[in-house]
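J.: One structure, as structure tokens, below. Some questions next.
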Amino acid sequence: MTVMNFVYGFIILLAAFIFQTTITGFNRKVTARIQKRYGPRWYQQFLDIFKALRKSSITHGWIFDFGVIMALGGIMATVIFIPVAGFEAFPNMDNVYIISYLLAIGMLGMAMSAAGSGNPWASIGVSRALTNMLAYDIPLMIVIFTLIFAFDTASVSEIAAMQQGMGILGWNAIRMPLGGIVAFIALFGMLGKKPFDSFIAPAEIASGPMVEYGGKHLGFMFILHELMTFIEVSLILNLFFGGGSSILVYAIKYAILYTLVNIISQVMPRYKIDQAVKFFYRVPLVFAIIQGLVVIFLGWGVSVWF
Amino acid sequence: MVLENQDNRNLWEKIGDYFSANSIWMKWYCTGCGAIELPPTMTSRFDMERLGMGPMATPRQADVMLITGYLSTKTLRRVIYSYEQMQDPKYIVAFGSCTINGGVYYDSYATINQLDKYIPVDLYIAGCMPRPEAVMNAFADLISMIKKGQANGWRHYQENYEWYKKNQLDSLEEVIIHDEFHE
Amino acid sequence: MNNPVLLIIIPLLLAFVSVIIKKAGKWILLLGVLINTVLAFFITTGETIIGGFLPPAGINLVVTQFTLVGVILINSLMLLTIIMSIDLVGKYSVILLTALAGINGMLLTGDLFNLFIFMEITVIAAYILSAQAKKYHHTITYLIIGSVGSTFYLLGIILLYHLTGSLNMADVAAKLPLLTTKELLVPILLIFIGIGVEVKLLPVSGWVKGVYAHANRLIAPLFASIIAGTALFVFGKLFVSVLPLSDTLTMLILVMSVMTFVFGEFAAFKQKQVKEILLFSSIGQAGLITALFISGLVYAAVILIISNVVSKLIMFTIAGAFTEKYQTDNYHSLSGVFVHNKITGIAFTIAALSMTGIPLLIGFYAKLNILIGFFHAGNYVLPVIVLLMTIVEGAYIIKLLLALWAPGKEGQVSLESFAVEKKQLLSVKNTAICLIVALVLIVGGTLIDTTSKIVTNGQPLLGDESPYFIISQSKGGE
Amino acid sequence: MIRLASLLLLLIGLYGVLTTKNVIKMIISINIMELGVNIFIISVGFITNGVAPNLTEHIDSSLSNFVDPLPQALVLTSIVIGLGITSLGLAFARKMNKKYGTYDLTMIGGMKDE
Amino acid sequence: MTFITVLITLLALSVVTYLVSLINNKLGAYFTIVTSLVTLLLLFLLKNSIGQLASISLFTFKLTTVGWYFSMVMVVVYFTSAFLNPFWMKKMIYPAAYNLFYLVSLIGTIGMFFARDFITLFIFWETVVWTSTFIIQMGKSRKSSYVYYVVSAIGSMVTLFAMMLVYQVSGTLEISVAFNALTGQPVLALIVFFTFLLAGLSKIGIFPFHVWLPMAHGSAPHTFSPVLSGGLVKMGAFIAYISVSAFAAYEAFSSSFTIMGIPAPIYIIMVLGAISIVVGTVMAIRQDDAKKLLAYSSVANGGYILIGILLFDQLAFAGGMLHLVSHAIASATAFITIAIVAHRTGTTKMSKLGGMIHKMPITYTVYLIAIISMAGIPPMGGFVSKWLILQGLADHGLLFIAAAAFFGSIGSFMYVFRPLSAVFLGQLAPKHENVKEASIMMQIPMYLLTIATLLIGVFPKIILKVIAGIQAEAGIQEIVMVGNTIVVANGVLDTFRVFVVFGYGFLIALVIFILRRKSRRVTLMDTYTSAEFVHTPELLHYSSNFYAPFERLTKKPYPVLNLYEKVSIKIKEIGHMAESLFSSPKPAVTIFWIIIVFAIFFLGGVL
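This is the structure in structure tokens:
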């Protein structure tokens, strides 16, 4: 653990933020085009974030601030652990459990801060978000568990590396197709994209957890959202779509994956939260378990494809 | 209301205003008939996201409040309450003649005639109701005003708070009411 | 001094004295019981011939280690009961002395017909005692069932006499194996039912509830621990060492005992009156003890009898005090009664816990021996039943204890102010006795080696060779 | 024969206890039972053409047709005990009648025990 | 110093405590703190004499690492909870007895963990059961105490059966030797395994036996709930440990049917553990009472511990053992904070609380750290143990159990957040306007436990070293630590680094936050209400039906809940039947039965 590690970490943070915000801006345009609009400027997302940071803000007590900071801190720490195309700021720290549980501290911070505002919408939003998490995470974790069992490692970068060299056929999403489907669906839930966006639901619960945020808190939330998106997409990308052999490949794959999710989500309606839970437990969970059984008992898709 | 013309902003404020001008989130207060003019403004025909504008769920997040029509005394209380919850810098765009002079309701006992006696309006859009073209035009004007640092209604409200409060209390007796049967 | 006849003679004699000197009745009673208790500690094992005829023709008293335990136990308990309830004795001193004589006779006699006579003496005394509650219909019920039972017993021993030509237990025991099972069936069955009525085996003990439930502080422990204990000892003596049981009969009696055990505990679980809980629990325990005797686990049975009668003595005394002071023994109406009577409560609790078989109390030691004995006999079903019933027993005991200790509604913190009105349950003397007896339960359960030495005196009880728990053996050398 | 008769008496007594409601009748039934048992006891010791078991010079002690004396002793005791129980029972019955005004157990059994 | 000396010292101290309590119960309560502290110190000194044998009267003891480990956990929990005792003395109906039982149950647990033979184990076990039963009834509910006892009794009686069976077969009571006699007798081994484990299962609250936990934990005196959940529940884990180590379940069932290398009997128990994770999680999410919620979370965490210990390998076993500590500490902390809230406000119902953070920020922070650990989020203790368990499960490929573990771990976010939000965050009801922060005395245990949680989370080595010792003692592969890094076959974990990086991220965020303009403080009621004027804070507090959609999904409770009640009713019915059939006041009925018995026996004898 040297200073350089931290510098690298900061670089990853910055790069992730800039990259993801750009991609988000790009996708806002994509969305607009789907809706036959012109859409905002590609850097609109940056403008929004900086504008939010610029505004004045209110606070509902120390936890309202502390939660936001803790959320962003936790998410930033998680981003630092994400391996990008074989590049790791802190080597050997890319354990999939660390990433997925460290992610939770960010969420906890956000939830805490939101609930600390004393606004019932925020609490409802948090309750929905957590329920949503319970829905998508189980199938996803089972598939990840299958991967760990199959490759005998929980390191994200090692799993990513094992998929490379065989082209598209090496991807876990192809080797373990059901698992790939589960991961792809779960990504929607993780990103809070339609049809699993009921915890934001601006017209229903006034944007849920974010209801009381204005000014810099809102700006933090936006940054947080961008970084979280980066973590989640990267995780799925590394685990199921082969990661990337170079930064460029990684970025392209990333953009395609994210855009694909965005495009699909744009034509989706919204599930009620209990419907989402039911859906995840009916389809992806069954898929995940079948995939797990296939891998564990038959060994298909572990060492070789075909 | 007199808008300040001389530009005495420092560099940070200028940069900030640049961001503010290009990213305007609105809270549209759908009190009157003007609300129906906004969907076409937002969707593919006029697409106000081009300007970096978009709807937001709560006043805390929003930069601009659109008063889309006449205000009864009852709704005025809510408008004032929501406005005070917004974060600086914040702007108000008032739609239609009702907000300017009462419009067709000029002699109604239940509506107010002149909005800027109660809260600072940065921009009026004339018409009954203004069409989306007019609305888009007004937004463009608002953007340029912000860029120039001329949309200072929120500052004006802070500076003349007593005056506004007095007007509000004269008409409403009480802004934040404690009892739902009061009105 | 080792003539056990005195144990029978002295109470009888004093009973006559007590008739004459009515005023001093209770002191004579106390004297008699005291003498008896002291004597009980000094008798030694052996055979005493009465009347000069040698057995089998003559009458004899047989003192084995088994009877010795019974005699000491029962006489001491009698003493304690009398001391505790001396104020209630009143005109019953004659009856009590007679009962004492009958009880000692039952325990000591070596003759089947004498057993009948002593049993009748005891039972008649019991009838009269049961009338103390002035519930004459219950007394009559008891009387009728008891009479039928004794008639059966009489018929049974006469049949045995017919078959063997002897009434001496040892002689009969020696002769019976020569007879066929079928010949023996009816007499054994009749004797079993006759004793079963007194032992409180279930289908034939309808009298118990009526009599026990209304008995007072004096009568209730007398019935529950003294008479019941005696009956159990007699049962053990008869069915382990005298009467050979065929396999079928063993099985049937075992089933009946176990049924008594199970149903007794279940019925106790259902009750809400303290005395009714205790009486059904007594029935259940009696079932278990007979089952142990039938299975040949005499040591375990004796320990269980000790545990049970001592516990019941304390508990019934206190339960009697409930009725005496609060006119009810429904535990819901007695909520928090021990708040004001902590020491009484502690004694009651220890007794109850011992009954449930809590470690370091003698009930636990009994349970250990039961398990070890059954396992040794290759019986894996009965231990399961015993343990399941322990759970049921524990359940109603804890419910009872909680109600008596902790007043207040469900969902509220229990406070002293919710408790029933403050009354002193037992006098200081009685409280002290209860506590000391409770401590005996603890000591007996802790110093296991001593207990076993006292009970067995180094020789197997009634020829029971099955293993039992001793620390020095079980823990191995170290 | 006599044993059958005694058995019959026993059963009659049992039947009586089972079916009657009146306490007095029950006690009588028990008496009948006891009677049956007593007769049975006697019959056990009875030997046809037996001799009284008196040890005098007139009787040859080697004879084997002594009537067994023991049952007769037993029966005496049994009768005494039976008498005691009967009188006790009757006394209780009287008491009961005084308290409840009836000899019928079923009438009282239905009452609350308070 | 011998163990017997320690035991007798403690016994003497507890008697002294009792006597002091009789005079002044508050002073007595302080004595409980002192005594438990003395216990802690003495136990710490005993670490050097591990391996020592001791015996007194009926009891024999052997000092083992695992016993030491378990009893240290227990004493820490007892010691810290004891700080609350003085404040509850006037709410107790029997304060002196409470103090005595508190200490006796502590001694009971210690004796149990060091027991060398079955009888000692059983006696101390029952001591704990009874003392805790009598303590629980001093709380809100007698019924809970009753249920607690009954379920415990089911466990202990069945276990007694197993112990005596083993004694019968082996002729010895010594735990480490007795089980050897079972080799080569698979059926017997099976019976002994299930029956012996039952006490553990009932104590740790595994699925069909979990009913007592929420009732007892929920309504026990607030001072005792931390002990129950943090401490006593862990006694079950000890039984589970014996069943895999001394009993050597893996060797005993090596020839039986295996699932992923796990013998079927062990797998069945693990499935029960998995079910209790799911049930505990689902039920915890549904609770309104904070203590009940935490109690159900204990059910779920008990499942983790059981699974971990039963796997008995390098990884998951260490995880289970570590989870024992981390959950004990976290759960005790959480219960202590809730107890303090209850002390200040008089309720534990979440729908009646809210906004406590503004009145008791320290309590809040402590609770926050506790739940972070409980939910298994990185910088805290709970994460390391959960990580080890999950890695271990992945190592074995136990899919379904892992699924339950994931469910429990994600579900724990939901249930731990609920009290956080409903009790501490949200609107402050006006009636709680004058609530004060916990007093210094109450804060001490909170600080101690919080530090412990953090230490375990950041430097798990402290505990894992001991666990490695236990693993060596049990003869399995030891957990490997290189520096601060836990190195296992399928992953590495360096919690210190995680902590530092988290701190780094936090620092960056803090800097950005401070650099921006200061926020204006507004009141809690100045919040977005769709421009409606609301003046009742209670109306703006979202706390009842917190997870309404989820509750809708899990509306139908599973049938086992009523099982005990049904059995109890059935027993009463049979009892009533027996009573009315056999205890009629009419003599004719009994005579009838005499005849029937005669007839049956006669027929039986003749045929």
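Chains as they are written, first to last, in the numbering used here: chain D, 1 to 306; chain S, 1001 to 1183; chain V, 2001 to 2478; chain E, 3001 to 3114; chain L, 4001 to 4607. Beta carbons are placed, not taken as given, at the ideal position from N, Cα and C, and that holds for glycine.
#1: Rounded to whole angstroms, how far is the Cβ of L/P4537 from the Cβ of L/L4454, which I believe are closer than 8 Å?
#2: List, in order along the chain, the chain L residues whose C-beta lies closer than 8 Å to that of E/L3014?
#3: What number of angstroms, rounded off, separates the C-alpha of L/P4585 from the C-alpha of V/I2145?
#4: Would the beta-carbon of L/L4063 fall within 8 Å of that of L/F4122?
#5: Could you tell me whether the stretch 4299-4311 of chain L touches the stretch 4432-4440 of chain L, using the rule of 3 or more Cβ pairs below 8 Å?
#6: Spell out whether any CB of chain E is found under 8 Å from the CB atom of V/V2148.
#7: When Cβ atoms are compared, which residues of the stretch 1052-1084 of chain S fall closer than 7 Å to chain D?
#8: By DSSP, does S/L1071 sit in helix, in strand, or in coil?
#9: Can you grab the Cα-Cα spacing for the pair D/F306 / D/I181, in whole Å?
#10: Using C-beta distances below 6 Å, list every residue in its chain close to V/L2382, excluding the 5 sequence neighbours before and after it, in chain order.
#11: Could you check what DSSP says for V/L2006 in three-state terms: helix, strand or coil?
#12: Mapping the DSSP letters down to three states, classify L/S4326 as helix, strand or coil.
#13: Can you list, in chain order, the residues of its chain whose CB lies under 8 Å from that of L/T4002, leaving out five sequence neighbours each side?
#14: I'd like to know if the stretch 2081-2098 of chain V and the stretch 2214-2227 of chain V are in contact, where contact means that at least 3 CB-CB pairs between them fall below 8 Å.
#15: In angstroms with no decimal places, state the Cα-to-Cα distance between D/R175 and D/M268.
#16: Could you give the first and the last residue of the continuous alpha helix (DSSP H) run that contains L/M4074?
#17: What is the DSSP secondary structure of E/E3114, reduced to helix, strand or coil?
#18: What does DSSP give as the partner residues of L/S4036 in its beta bridges?
#19: Look at D/A85 and D/G243 and say whether their C-beta atoms are less than 8 Å apart.
#20: Spell out whether any CB of chain L is found under 8 Å from the CB atom of D/F279.
#21: Is there at least one Cβ from chain D nearer than 8 Å to L/L4420's Cβ?
#22: Report yes or no: is there a C-beta of chain E within less than 8 Å of the C-beta of L/A4588?
#23: Nearest to V/T2446 by CA position, among V/V2234, V/M2315, V/G2363 and V/L2031, is which residue?
#24: In this structure, does DSSP put L/K4062 in helix, strand or coil?
#25: Could you tell me if L/V4015 is buried or exposed, where buried requires 16 or more neighbouring beta carbons within 10 angstroms of its beta carbon?
#26: In chain V, what lies closer than 8 Å to E/K3099 by C-beta?
#27: Whose C-alpha, out of V/A2351, V/F2338 and V/I2350, is nearest the C-alpha of V/A2419?
#28: Terminal residues of the continuous alpha helix (DSSP H) containing V/G2025?
#29: Identify whether D/T2 lies in helix, strand or coil by the three-state DSSP scheme.
#30: Is it right to say L/Q4287 is buried, meaning 16 or more other beta carbons lie within 10 angstroms of its own, or is it exposed?
#31: What separation, rounded to the nearest whole angstrom, lies between the Cα atoms of L/G4184 and L/L4390?
#32: Are D/S198 and D/R128 closer than 8 Å when you measure CB to CB?
#33: Short of 7 Å in beta carbon distance, which residues of its chain neighbour L/A4295, apart from the five on each side in sequence? Order them along the chain.
#34: For L/T4017, count the other beta carbons within 10 Å of its own beta carbon; 16 or more makes it buried, fewer makes it exposed. Which is it?
#35: Buried or exposed for S/I1036, please, with buried defined as at least 16 other CB atoms from any protein chain shown within 10 angstroms of its CB.
#36: For a minimum of 4 consecutive residues, which ranges assigned as the alpha helix (DSSP H) are wholly contained in the stretch 161-248 of chain D?
T.: Let's see:
#1: So it is not a contact: roughly 34 Å between Cβ atoms.
#2: Those within 8 Å of E/L3014 in chain L are I4591 and I4595.
#3: 11 Å
#4: No, the pair does not count as a contact, with Cβ atoms beyond the cut-off.
#5: no
#6: yes
#7: So the list reads G1052, A1057, T1058, R1060 and Q1061, given in the order they occur along the chain.
#8: Shown here, S/L1071 sits in coil according to DSSP, grouped into three states, outside any helix or strand.
#9: Low confidence applies to D/F306: its pLDDT is 44, below 50, so where it sits in the model is not reliable enough to give any reading.
#10: F2374
#11: helix
#12: helix
#13: S4049, Q4052 and A4054
#14: yes
#15: 28 Å
#16: T4065 to A4082
#17: Caution applies to E/E3114, whose pLDDT of 38 falls short of 50 and renders its modelled position unreliable; the model cannot decide the point.
#18: None; L/S4036 has no bridge partner.
#19: yes
#20: no
#21: yes
#22: yes
#23: Selected option, being the one with the closest Cα: V/G2363.
#24: strand
#25: exposed
#26: K2134 and Y2136
#27: V/F2338
#28: G2025 to F2042
#29: Three-state DSSP puts D/T2 in coil, outside helix and strand.
#30: With 16 or more Cβ atoms within 10 Å of its Cβ, L/Q4287 is classed as buried.
#31: 33 Å
#32: With contacts defined by Cβ atoms closer than 8 Å, D/S198 and D/R128 form a contacting pair.
#33: Beyond the five residues adjoining it in sequence on each side, L/A4295 comes within less than 7 Å, by CB distance, of L4213, P4214, H4217, G4218 and S4229 in the same chain, given in chain order.
#34: buried
#35: exposed
#36: 172-175, 177-191, 202-205 and 215-240
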